[in-house]
Structures are given as structure tokens and as C-alpha cells.
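K.L.:
Numbering (our numbering), first residue to last: 1001 to 1393. Please read through the structure below; I'll follow up with questions.
In C-alpha cells, the structure reads:
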């Protein structure tokens, strides 16, 4: 009972040892999980209803909608491309809150519906991909640093409003009839472009429409002039529920993954391969070295036993036990050490030293590896008993 208990303790870690080794990792994972939950909870309330004319949030646009209502302009919110395209007309201003969220098909359909509608289309912060389709002739650049900018143009709406928070994406255009306003670094953040019987206004940033910034500088004046030039305002907030957003043709799963994620995955795979190559390097054959410090035999045995247990190497453990036993038994029965592992010489010599000749020494010393841990422990006990019996015989 004592030997079995000792073998179990040396071959497998206790619950306390497992807890001691893993508590640091568990603590780090717990802290990471709590931090993620806290960040998600904090950010869940940020920009909820951003640019929504029904929202009272700081980044909502309810204030400008109410001011437009006081001036006789009705505001209607739509969330699908079809509804936005059908609403386009000479007496309507169409505001597209997030053009970059639209698919290529949606952008093309929206441009075809508004190009000859005779109304005004406002695009808020379109990027390079969307501005090419929704406002041909306008090129988008990297966002600027400043938010509040001066008009520096002859557009009546801009000159009457004065300074405004239009900073964001910057644009250039070669169209002769286009008007560029609110420049930063030589590039405009507001471009007014005639399109057919109407016009398209490209705006670099939407901050002048926010509830908490509407009363700053000339934001309210610019917003009311751009959005209130016609009796109807259609506020298009792109939605994932739009059926046209999912009708993108035969697109594979990888087509839906941003290119940055693909490059990041490739870099991680390369780093993992380099790490595996580094850890698996072999600069030559293994060379035995003298240990710099003395290690107790019991610690060496326990350490090797743990390695065998971890690798499920009962065959190697049994071979090591039998080899050591044969090496010690050979001098006791008069067999040269060089012949200690020969069954033809060891078995007859051992039989003459043992009173019980019926014992199956061949299976004990040269048999197959044990099938489980219990059989391995039993093998070790039998080898110890055999060695004691030979020594005392």
C-alpha cells in the first residue's frame, strides 16, 4: 500500500501542485475577461444612435432635425437603398450617413437614382472606394488633424456659416464646376459638385451635425443650409437588415474578410513557423555533459518517472528497469557484465541461484512491455524482489 501510494505521488502531480502551477494563468485570463467585459460595457453606450436624427445622444442629430422641422422641413429616416433611391427627387435632400458601409451594388444603384433626380445628395465622410462611385471625379485622401476649419471659398452656404467642424476626410477634384471649401493642408473637406439637374455635396466629417457640437462656431448655420434647401429631407442610415446589402453575388468567405486580417494571419503563421524552427533546432548530436551541481538520486528518479508518465512511455520505463536489474544481477550470478542482457546466459545462471525453479524469469526480465501503469508498478516490485532473493540466496 505504501509503495503504490508513493508511486502515484511521484508520477502524477497532486491537486495542490496543479493549482499552484496554473493559478497565475487563470488569474491572467480572469483579469483579461473582466477587462473585456468592462470595456464592452463602457463602449456599448458610446455613439449609440450616432448621426441618427431621432437620437438625443451627444453624437446623435436630433437637434438639427428639430431645427429643420421648425423651418418647415420634414425629416424621414430610411434604412434601405431601395427606399433612399425611391425618395430621390428635385424637392428632396438625401443625406447618406455612412457611404462606406454600402456594397458596390448599393453605391451604383444610389448614384443612378440621384444623378438626374434634380435634388441634393450629401455624402458624409465617404472613403476612396465609395467616393469613386457616388461622386465620380472626386478623390479621397487621408483624414486631417483639425476639426474646426475656415471656409476659404465662395460657396454661399459656407461663407454665411463661417468656421465649422467639417474636418475629417480630405478631397480633391479636377471638375471645373466644383467648389472646394474648408481646406486643410491644401485639400478640401467640403466639395460641392453639380450632377445633372442637382448637386452632390461631399463632406469630410460629420461632427457639425452632432447634438453636442451644433451650437459651436457656424455648425448650426451650415447644417441648416445644407439640409434645409428643399422641403423634404431623407436621412439614409445604412442597415445590415437591408436585403440589397446581402445580395453581393457569388462571394466566397475569404472575400468577406478584410485584407488586413489576411495579412495579419499570414504574419502570425510565419511567426509560429519561425518559433517552431527555433525551438526544434538541432546543431549536432546530443553530447552528455557533467551536471554543474549534484542531484539526489531520488529526485533524478522522480523527474525521469514524470517524463515517462507524461509521454506515456511505459515501454521505455520497463526497459530501463529491466536493464538496471540485469546489470546488477549479472555479477551476483557469475555472468560477465557484457553478457548481462543475453537470455541464453542470464536465465540458466539465475535458475541455479533460486530455489523456485518454476518462476517465469524470461517473461519477467525479457518479456513484453506492461500494458498499463499498474502492470509497470508490479514489474518494478517483482524485479526488486528477485534482486533481494538472489542477494540473500
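We put the beta carbon where it would ideally sit given N, CA and C, even for glycine.
(1) Do you know how far the Cα of residue 1027 is from the Cα of residue 1016?
(2) Going along the chain, which residues of its own chain have a beta-carbon closer than 6 Å to the beta-carbon of residue 1219, five neighbours each way excluded?
(3) Throw me the rounded Cβ distance for the residue 1386 and residue 1364 pair, which I believe falls under 8 Å.
(4) Taking C-alpha atoms, which residue in 1162, 1075, 1116, 1135 lies nearest to residue 1125?
(5) Please report the straight-line C-alpha distance between residue 1053 and residue 1203, rounded to a whole angstrom.
(6) Is there contact between the region 1090-1098 and the region 1227-1240, where contact requires at least three CB pairs shorter than 8 Å?
(7) What are the boundary residues of the alpha helix (DSSP H) that includes residue 1361?
(8) Measure how close the beta-carbons of residue 1131 and residue 1138 come, nearest whole angstrom, since I'm counting them as under 8 Å.
(9) Report yes or no: do three or more beta-carbon pairs, one from the region 1150-1164 and one from the region 1181-1197, lie closer than 8 Å?
(10) Pick helix, strand or coil for residue 1184, following the three-state DSSP scheme.
(11) Have a look at residue 1352 and residue 1326 and give me their C-alpha separation to the nearest angstrom.
(12) Does the distance from the CB of residue 1376 to the CB of residue 1316 come in under 8 Å?
(13) In whole angstroms, what separates the C-alpha of residue 1240 from that of residue 1075?
(14) Please check the pair residue 1242 and residue 1080, which I expect to be a contact at CB under 8 Å, by giving their CB distance rounded to whole angstroms.
(15) Do residue 1228 and residue 1120 come within 8 Å of each other at the CB atom, strictly closer than that value?
(16) Would residue 1201 and residue 1226 qualify as a contact pair, given that the criterion is a beta-carbon distance under 8 Å?
(17) If you scan the region 1145-1177 from start to end, which runs of the alpha helix (DSSP H) of 4 or more residues do you find wholly inside it?
(18) Using the Cβ count rule (16 or more neighbours within 10 Å means buried), how would you classify residue 1355?
(19) Any idea what DSSP makes of residue 1194, helix, strand or coil?
(20) If we ignore side chains and look at the alpha-carbon of each, how far apart do residue 1118 and residue 1175 end up?
(21) Counting along the chain, where does the alpha helix (DSSP H) carrying residue 971 start and finish?
(22) Helix, strand or coil, according to DSSP, for residue 1217 in the structure here?
P.N.:
In brief:
(1) 16 Å
(2) 1164, 1165, 1208, 1213
(3) 7 Å
(4) 1135
(5) 18 Å
(6) yes
(7) 1361-1366
(8) 5 Å
(9) yes
(10) strand
(11) 16 Å
(12) no
(13) 22 Å
(14) 4 Å
(15) no
(16) yes
(17) 1156-1161
(18) exposed
(19) strand
(20) 19 Å
(21) Residue 971 cannot be examined here, being either before or after the span of the chain that is shown, 1001 to 1393.
(22) coil
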